[in-house]
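Report on the structure given below.
Protein chains in written order, with the working numbering: chain G, 26 to 383; chain A, 18 to 289.
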């Protein structure tokens, strides 16, 4: 009823392999995009931007990046925090060294630098897999944080050891620093998220994505079919690193503004992004959005509900928040181990037949 | 004996060409275990070549040597008359050698269509940036290769499960999907490791028909391992018999059937 594909025939292979094969899906997607680009910037204020929208957009980019590595290529990584730090510090060094250059270029370059670093730390994946690879990437996490703490060149010899985002613009609009308008920072991140999601989708529906998934599902058979494991694994690390680097650069320059590396990009960040990917759904672009939205929104919703609606003391709500988030994660993993994306898929299958399921 | 480059016509009117692949004195050891010892045989263009033997005879190891998964300690593999240097399995695949596996090795998380599309990997050349952009080169290439894949899907009669995840399929269909994946690479040499293991009579008949059709329509050279003697004797042009890593017979099905060593290996000999 609501949701039908009857009469929606494909007459070409292009039509069959497009991103949203069902017409209804496609129009909904256009509507969401139009709303996000044309309506939200006029309604946004600092609270919405900083509490919900910016973290959602930025974590979505990180989750897409990690999902390519873990969900599509099957290489478990616990180094996300460290790689985000690479993006942040690369952006910082670029911003201070070339103040005239547009922020777009800085963020993209920061992504590129992170991709190179990520490939370097991905080299062990050619020899080890599973938990052992996770430990190897954990080493990357600790090493990178240590590096940015100990080598003063990275934080430009500042006394506090922190990095602070200077005011930088793009096309004359202030993007970073405390005076940047909320709509500009929001749009800036939204553009990056949209482009990243499109790139991820294009790569995963084509041959590149198939060779990643082949490596994930059965690496020996993949190699005999003709997948070069070296190329497939390292390209996954590179693409993943590019996205995670972009998210790290945005997280530092646009969202936080000032960063102490151990606090902002510690092991907790790695786990947070990994949870987003697992809760959202491994091997699904939509799952990355869902997971990021879930873990960004849930604390906010709980706080609003506990403090503003129920009138409980703030500290109790803050502690309960951790308990409830933890319990919900366990609940979700038991009910649907394939994440929110799978729940969504099941709901769509049901809706397609509703109200006559037989 | 026939000359290496000479071709001949079989009883049923098919032309068998010259030697495509030649195994010369292959010996493969795993530590102290000799899996294959000093075996030589050849595969001619356009023929169906069977490798048979009791369990543990080294048949699958032989196939793994051909597909580059094992490197023999001694001997060499000649492909189109040239000695093949040691190479990784994916490089062997690029030379036009495709295979299926004894225990189905499909990519469980992907749909049938995606599985079969992976077979086209070596025919797709667009780079990461073109694929990230999608429009243009990558899309055109995808469509072109999709046509080949759809032909194979039609050929193996699996149209109805095109979009189904492989993990949901029954065993017999999985075997067929695996064959489709190997075929979509348009190989010049196809290796089948027990294509009929665990099938009922009907499924075996279907599979035999597909193998004969592949050989007939695409002219693909096929080397297969199989335990069902009836199938082997019906399908194959020439048979290699192995036992305990040695070659004990080589020839047409009739020659092999009357070979005393082969009969002994299968039926056993009295030791008195």
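Glycine included, each C-beta is placed from N, C-alpha and C at the ideal position.
For residue i, three-class secondary structure by DSSP
i                      : result
residue 141 of chain A : coil
residue 182 of chain A : strand
residue 174 of chain G : helix
residue 285 of chain A : coil
residue 25 of chain A  : strand
residue 147 of chain A : helix
residue 41 of chain A  : strand
residue 96 of chain A  : strand
residue 58 of chain A  : strand
residue 47 of chain A  : strand
residue 44 of chain G  : coil
residue 222 of chain A : helix
residue 125 of chain G : coil
residue 65 of chain A  : strand
residue 36 of chain A  : strand
residue 20 of chain A  : coil
residue 232 of chain G : helix
residue 228 of chain A : helix
residue 361 of chain G : coil
residue 39 of chain G  : helix
residue 205 of chain G : coil
Cβ pair residue i, residue j closer than 9 Å
i                      : j                      : result
residue 240 of chain A : residue 80 of chain A  : yes
residue 115 of chain A : residue 214 of chain A : no
residue 212 of chain A : residue 186 of chain A : no
residue 242 of chain G : residue 126 of chain A : yes
residue 316 of chain G : residue 306 of chain G : yes
residue 208 of chain G : residue 59 of chain G  : no
residue 103 of chain G : residue 292 of chain G : yes
residue 1 of chain G   : residue 165 of chain G : A question about residue 1 of chain G goes unanswered here, because the residues of chain G that appear run from 26 up to 383.
residue 213 of chain G : residue 286 of chain G : no
residue 273 of chain G : residue 108 of chain G : yes
residue 60 of chain A  : residue 206 of chain A : yes
residue 249 of chain G : residue 52 of chain A  : no
Residue i, buried or exposed, once every other Cβ within 10 Å from all chains shown has been counted against 16
i                      : result
residue 177 of chain A : exposed
residue 193 of chain A : buried
residue 237 of chain G : buried
residue 107 of chain A : buried
residue 238 of chain A : buried
residue 217 of chain A : exposed
residue 26 of chain G  : Here residue 26 of chain G scores only 46 on pLDDT, less than 50, and its place in the model should not be relied on; the value that follows carries that caveat. It is exposed - the Cβ of residue 26 of chain G has fewer than 16 other Cβ atoms within 10 Å.
residue 258 of chain G : buried
residue 148 of chain A : buried
residue 262 of chain G : buried
residue 264 of chain G : buried
residue 85 of chain G  : buried
residue 53 of chain G  : exposed
residue 253 of chain G : buried
residue 233 of chain A : exposed
residue 235 of chain G : buried
residue 131 of chain G : buried
residue 341 of chain G : exposed
residue 94 of chain G  : buried
residue 204 of chain A : buried
residue 100 of chain G : buried
residue 339 of chain G : exposed
residue 233 of chain G : buried
For residue i, the residue or residues it bridges with in DSSP
i                      : result
residue 238 of chain A : A:206
residue 128 of chain A : A:182
residue 259 of chain A : A:264
residue 195 of chain G : G:198
residue 188 of chain G : G:284
residue 116 of chain A : A:208
residue 341 of chain G : Residue 341 of chain G is not bridged to any residue.
residue 53 of chain A  : A:45
residue 91 of chain A  : A:44
Near the ligand HEM: residue i beta-carbon under 8 Å from a heavy atom
i                      : result
residue 160 of chain A : You won't find the ligand HEM in this model; it holds no ligand whatsoever.
Next on the checklist: If the cut-off is 8 Å on Cβ atoms, which residues from the region 125-137 of chain A count as contacting chain G, listed in chain order?
Outcome noted: 125, 126, 127, 131, 134, 135, 136, 137
Checklist entry - When Cβ atoms are compared, which residues of the region 84-112 of chain A fall closer than 9 Å to chain G? => result 84, 85, 86, 105, 106, 107, 108, 109, 110, 111
Next on the checklist: Short of 8 Å Cβ to Cβ, which residues in the region 233-258 of chain G face chain A?
Outcome noted: 233, 235, 236, 238, 239, 241, 242, 243, 245, 246, 247, 248, 249, 250, 251, 252, 253, 254
Checklist entry - Taking Cβ-Cβ distances below 9 Å as the criterion, which residues of the region 163-175 of chain A are in contact with chain G? => result 163, 164, 167
Item to check | Members of the region 39-70 of chain G that neighbour chain A once the beta carbon cut-off is set at 7 Å | outcome: 39, 42
Item to check | Residues within the region 269-280 of chain G neighbouring chain A, beta-carbon criterion of under 7 Å | outcome: none
Item to check | the region 215-228 of chain G: positions lying closer than 7 Å to chain A by Cβ | outcome: 224, 227, 228
Checklist entry - At a Cβ cut of 7 Å, what residues of the region 320-340 of chain G count as close to chain A, listed as they run along the chain? => result none
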